[in-house]
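Let me begin by presenting the structure, written as structure tokens, before commenting on it.
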Amino acid sequence: MFSLMANCCSWLKRWREPARKVTLVMVGLDNAGKTAAVRGIQGENPQDLAPTVGFSKVDLKQGKFEVTIFDLGGGKRIRDIWKNYYSESHGVVFVVDSSDVQRIQETRETMAQVLQHPRIAGKPVLVLANKQDLEGALAEADIIENLSLEKLVNENKCLCQIEPCSAILGCGKKVDKSIKKGLSWLLSNIAKDYEAIAERVQKDTAEQRALEEQDKKERAERVRRIREERERLEREEAEREGRPVQEEEADNESIQSPFQPIGNLISKKEEQEPERKEQIELQEDRSNGPKESLENEEEEFEEENAGEPNHTRPTPENTPLAGEHSKKKSSKLHLKRKHRVDPLRTDEGPAESPTPPPPPVGWATPKVSRLPKLEPLGDSGHSGKASADRPLLSLPVTNFWV
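Counting from 916, one number per residue, gives the positions in the sequence shown under the numbering used here.
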């Protein structure tokens, strides 16, 4: 009963503890499947991956741990940078291509270099025997024998666990159970001795930064000596030839490493982005300023003309800006239909009366009155009295001009 209560108390204590930050380095030869394993743990598709150039950083949550995994490239030229990440790591994941028997000797030598490093010795190590789905892949016992794994871990006092797996067959919840099992084992062993490992990581990180700073100073000193030697030779050559010596300005800027963290570069780029946008907006305002001012003047000109009667016509005295507008902008004024603009007079004399339009052809021809309907001649069917009462027909005499 007492042991049960103690277990419950310890479980509650661990449950209330904040999340612990753990850093892991994943190393191995090129084409071993390191990136596929990381993608599978992260929940992404591990297929169709390109070789890792340099390193990639992955952050994920595993239970009560905030895990950061540095996936380091496995090429021969880049393996020398692995040691720069050992100081920050709480544990190591070494991925082995169990199907590539021809490179097993190279794998053993590389693993020995990793485990024998002072900043790795004594830390837990997980070995993933990847690509078990391929034909001819070595079994777990064969890998232990070919890598001399037992001897290596005993000499360097590293806790070690080997898990045969196939990283390409699943991702997320369907990831290979061996990978999940191995990762859980690694995190649990780190948690058992977390305080000691964290203190060691802090100490190693401080030493690593001091070493990098010292290397930077030594590199700057070497550059300074090379520059001074070059200037001395140039000065001696100029004195022999009798030409003046050109003094170079001293470069006091500190020499920075070309390998800068991508996060710092992104933050600097984001800080410079608002200034760049302001400059672009200022240039657009300057380019659009004259155009907008002309449009505003045109609108004001239209509004003024709208309030004047239609019979008024503009003159050079009351439209002083007409010439300026034509010089500044060649576009036509968009006037409304009700506005009437007559051409300007070139002379300053009195306004001439408008000349009437030419008369149409035949305007002086008199109109011909409609003739009354004529009655048939003769007395047939008509009485003499009726003929006497009817007035005589008279035709008007008209003159026609051609």
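Note that beta-carbon positions come from the ideal geometry of N, C-alpha and C, so glycine has one too.
In this structure, how does DSSP classify residue i when only helix, strand and coil are distinguished?
| i | result |
| --- | --- |
| A1054 | coil |
| Q1076 | strand |
| A1044 | strand |
| S971 | strand |
| L987 | strand |
| G1006 | strand |
| V1011 | strand |
| V1090 | coil |
| K1244 | Bear in mind that the predicted position of K1244 carries a pLDDT of just 47, short of 50, making it unreliable; the figure below should be weighed with that in mind. Reduced to three states, the DSSP call for K1244 is coil. |
| I1035 | coil |
| I993 | coil |
| S1182 | helix |
| E959 | coil |
| L1049 | coil |
| S1081 | coil |
| A1135 | helix |
| A1113 | helix |
| P1159 | coil |
| G948 | coil |
| S1063 | coil |
| D1130 | helix |
| D1119 | helix |
| D1108 | coil |
Quick check on this structure: which residue in the options has the alpha carbon closest to the alpha carbon of residue i?
| i | options | result |
| --- | --- | --- |
| K1333 | A1054, V1007 and I996 | Residue 1333 falls outside the range modelled here, since the chain spans only 916 to 1317, and no answer is possible. |
| C1073 | V953, E1190, A952 and P1039 | P1039 |
| V942 | Q957, I984 and A1153 | I984 |
| R954 | K998, E1144, I1083 and E1156 | I1083 |
| S1002 | V1029, R1158 and N1069 | V1029 |
| S1013 | G969, A947, G1037 and L1041 | A947 |
| L1049 | A1027, P1079 and E1065 | P1079 |
| D1015 | K1131, G1051, I956 and W997 | G1051 |
| E1070 | Q1047, A1056 and P1033 | P1033 |
| R1018 | K1184, E1185, K991 and R1124 | K991 |
| R994 | G969, Q1047 and G978 | G969 |
| G1037 | G1157, Q1047 and R1115 | R1115 |
| Q1020 | L1064, R1124 and P1159 | L1064 |
List the DSSP bridge partners of residue i.
| i | result |
| --- | --- |
| R935 | F980 |
| V942 | F1009 |
Would you grab the beta carbon distance between residue i and residue j for me? Rounded to a whole angstrom, and I think it's under 8 Å.
| i | j | result |
| --- | --- | --- |
| L1102 | F980 | 5 Å |
| I1077 | I1059 | 7 Å |
| V937 | I1105 | 6 Å |
| L1043 | G1097 | 6 Å |
| D1091 | S1099 | Not really, about 13 Å apart at Cβ, beyond 8 Å. |
| Y1000 | V1068 | The pair is not a contact, with the Cβ atoms about 20 Å apart (cut-off 8 Å). |
| A952 | I1094 | 6 Å |
| S1004 | D986 | The pair is not a contact, with the Cβ atoms about 12 Å apart (cut-off 8 Å). |
Take residue i and list the residues in its own chain whose beta-carbon comes closer than 6 Å to its own, dropping the five residues that flank it on each side.
| i | result |
| --- | --- |
| P933 | none |
| N1167 | Confidence is the limiting factor: at N1167 the pLDDT is only 46, short of 50, which leaves the residue's position unreliable and the question unanswerable from this model. |
| L1053 | S1013 |
| L1041 | V1008, Q1076, G1097 and L1101 |
| E1152 | none |
Take residue i and list the residues in its own chain whose beta-carbon comes closer than 7 Å to its own, dropping the five residues that flank it on each side.
| i | result |
| --- | --- |
| T1022 | L944, V1011 and L1062 |
| A1027 | L1067 |
| Q1187 | none |
| Y1109 | R935 |
| Q957 | V973 and L975 |
Starting from the C-beta of residue i, find all residues in its chain whose C-beta is less than 8 Å away, skip the five residues before and the five after it, and write them out in chain order.
| i | result |
| --- | --- |
| K976 | A934 and V982 |
| W997 | V940, V942, L987 and V1029 |
| E881 | Since the displayed the chain opens at 916 and closes at 1317, residue 881 lies outside it and no answer follows. |
Is the shortest distance between the beta-carbon of residue i and the beta-carbons of chain D less than 8 Å?
| i | result |
| --- | --- |
| R1124 | Here there is only one protein chain, and chain D is not present. |
Could you check whether the Cβ of residue i sits closer than 7 Å to any heavy atom belonging to the ligand FMN?
| i | result |
| --- | --- |
| K1131 | As presented, the structure is devoid of all ligands, the ligand FMN included, so that no description of it is given. |
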